[in-house]
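Quick notes on the structure that follows.
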Amino acid sequence: MFSLQGKRILITGASRGLGSVCARAFAEQGGRLVLMARSKDALEEVRSSCTHAAQHLAVAVDLTDATALEGAVQEASAFLGPIDVVLHVAGGGLGLREPLISRGDVEKLFSLNVAAAAEINRLVAPAMMERGKGNLVHVGSVASTDAVASVGYNTVKAGLAAYVRSLGNHLAAHGVVVTGILPGGFKAPGNSWQRLKANKPEVVERFIAERLPRGRLAEAEELVPLIAFLCSDAAGMMGGCLVPIDAGEGKTYAVA
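Letter by letter, the sequence shown follows residues 3 to 258 in this note's numbering.
What follows is the structure in structure tokens.
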């Protein structure tokens, strides 16, 4: 069994979607949280909805601004003390669907999906290594292994997967567990699948019929138990692992 009771947890992308769902679930399980995203108002709404709201902090920051991000991590550490867990949820395709993507757009995508996580890890991992324990958990995508999204998004999510595997190997000897999940399509408050279902339900229904053996999209809450496990002490042997949770969407699971 595993527990998040008393864990000091930093969550990025916490103002909506999967990040907000994890925030509420982790607070319910007894974690103390710092929530990061760009919108202070949205973060405060999530924080105030969490169990023991006064024990948590909302920090508004542009994750692609390295200077601002360093200050935000310092603020998080001052509030929580030693950080036990970082859950990297922030990411996305930024609506960039052009196959012949420009260098500038690649850099924007990389900054949000990979570099922000790498910078936070650079700032918090040394203290974890000194203590001999810590969990760095990354929300990737089935797009890291299957060409199911835009060229830019597929590219940076593949990069994030490589980063998790490599960093996981380097930090394992120090007791720091670096992992990731590879979700397929799922619904969460304000996420792209929820918007698509509202605006183009026929597209979503076709996707479900063609790609999902379960016959439905996952709900964000169905991802939380796996994420909570990876954030816990029970995940000690998972370093460098990327765990698919895609309801069979990935072509690895295709039936001939």
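Glycine included, every Cβ here is placed at the ideal spot set by N, Cα and C.
Quiz item: Quick one: any contact between the segment 179-195 and the segment 130-145, if contact means 3 or more CB pairs under 8 angstroms?
Solution: With the cut-off at 8 angstroms, the segment 179-195 and the segment 130-145 touch.
Exercise. Can you tell me which of the three DSSP states Met-131 falls into?
Key: Translated into the one-based positions of the sequence shown, residue 131 becomes position 129. Met-131 carries a helical assignment under DSSP once its states are collapsed to helix, strand and coil.
Quiz item: What residues match up with Thr-14 in a beta bridge as DSSP calls it?
Solution: As a first step, residue 14 must be located in the sequence shown, where it is residue number 12. Its beta-bridge partners are Met-38 and His-90.
Exercise. Starting from Leu-162, follow the alpha helix (DSSP H) in both directions and report where the run begins and ends.
Key: For the purposes of this step, residue 162 is taken as residue 160 along the sequence shown, with counting starting at 1. Under the DSSP assignment, Leu-162 falls in the alpha helix (DSSP H) whose first and last residues are 153-173.
Quiz prompt | Coil, strand or helix - Pro-1 by DSSP | solution = Since the first residue of the chain shown is 3 and the last is 258, residue 1 is not available in this structure.
Quiz item: Which one of Leu-96, Val-226, Leu-169 and Gly-33 has the shortest CA to CA distance from Val-87?
Solution: Walking along the sequence shown from the start, residue 87 turns up at place 85. Nearest of Leu-96, Val-226, Leu-169 and Gly-33 to Val-87, Cα basis: Gly-33.
Self-check item: Close-in-space but distant-in-sequence residues of the same chain around Ala-118 (CB under 8 angstroms, 5 per side omitted)
Solution: Working through the sequence shown from its first residue, we reach residue 118 at position 116. The residues are Thr-14, Leu-65, Thr-66, Leu-71, His-90 and Ala-92.
Quiz item: Under the three-state reduction of DSSP, which class applies to Ala-256: helix, strand or coil?
Solution: Position 254 of the sequence shown holds residue 256. Confidence is the limiting factor: at Ala-256 the pLDDT is only 41, short of 50, which leaves the residue's position unreliable and the question unanswerable from this model.
Exercise. Tell me where the alpha helix (DSSP H) around Val-226 begins and ends.
Key: For the purposes of this step, residue 226 is taken as residue 224 along the sequence shown, with counting starting at 1. It spans 226-232 - the alpha helix (DSSP H) in which Val-226 sits, taken as one unbroken run.
Self-check item: Closest by C-alpha distance to Ala-78, when choosing among Thr-69, Ala-60, Ala-68 and Gly-94
Solution: Walking along the sequence shown from the start, residue 78 turns up at place 76. Answer by Cα proximity: Ala-60.
Quiz item: Along the chain, which unbroken stretches of the beta strand (DSSP E) at least 3 residues long are found entirely within the segment 94-130?
Solution: Those beta strand (DSSP E) runs which fall completely within the segment 94-130 and span 3+ residues do not exist here.
Quiz item: Around the C-beta of Val-126, are 16 or more other C-beta atoms found within 10 angstroms, so that it is buried, or is it exposed?
Solution: If you number the sequence shown from 1, residue 126 lands on position 124. Around the CB of Val-126, 16 or more other CB atoms lie within 10 Å, so the residue is classed as buried.
Quiz prompt | Three-state class that DSSP yields for Ile-183 in the structure shown | solution = For the purposes of this step, residue 183 is taken as the residue at position 181 of the sequence shown. It is a strand residue.
Quiz item: When DSSP builds the beta bridges, which residues end up paired with Ile-247?
Solution: Working through the sequence shown from its first residue, we reach residue 247 at position 245. According to DSSP, Ile-247 bridges with Pro-185.
Quiz item: Whole-angstrom Cβ separation of Ala-62 and Lys-42, contact assumed at under 8 angstroms?
Solution: Looking up residue 62 in the sequence shown gives position 60. Looking up residue 42 in the sequence shown gives position 40. Confirmed, about 4 angstroms.
Quiz prompt | Helix, strand or coil at His-58 [DSSP, three-state] | solution = The residue you call residue 58 lines up with position 56 of the sequence shown. Note: His-58 maps to coil in three-state DSSP.
Exercise. Check whether the Cβ atoms of Arg-208 and Ala-249 lie closer than 8 angstroms to each other.
Key: Here residue 208 refers to the residue found at position 206 of the sequence shown. Here residue 249 refers to the residue found at position 247 of the sequence shown. At least 8 angstroms separates the beta-carbon of Arg-208 from that of Ala-249.
Quiz prompt | Ala-237 versus Phe-231 - alpha carbon distance | solution = Along the sequence shown, read from residue 1 onward, the residue named residue 237 stands at position 235. Along the sequence shown, read from residue 1 onward, the residue named residue 231 stands at position 229. Roughly 6 angstroms separates the two Cα atoms.
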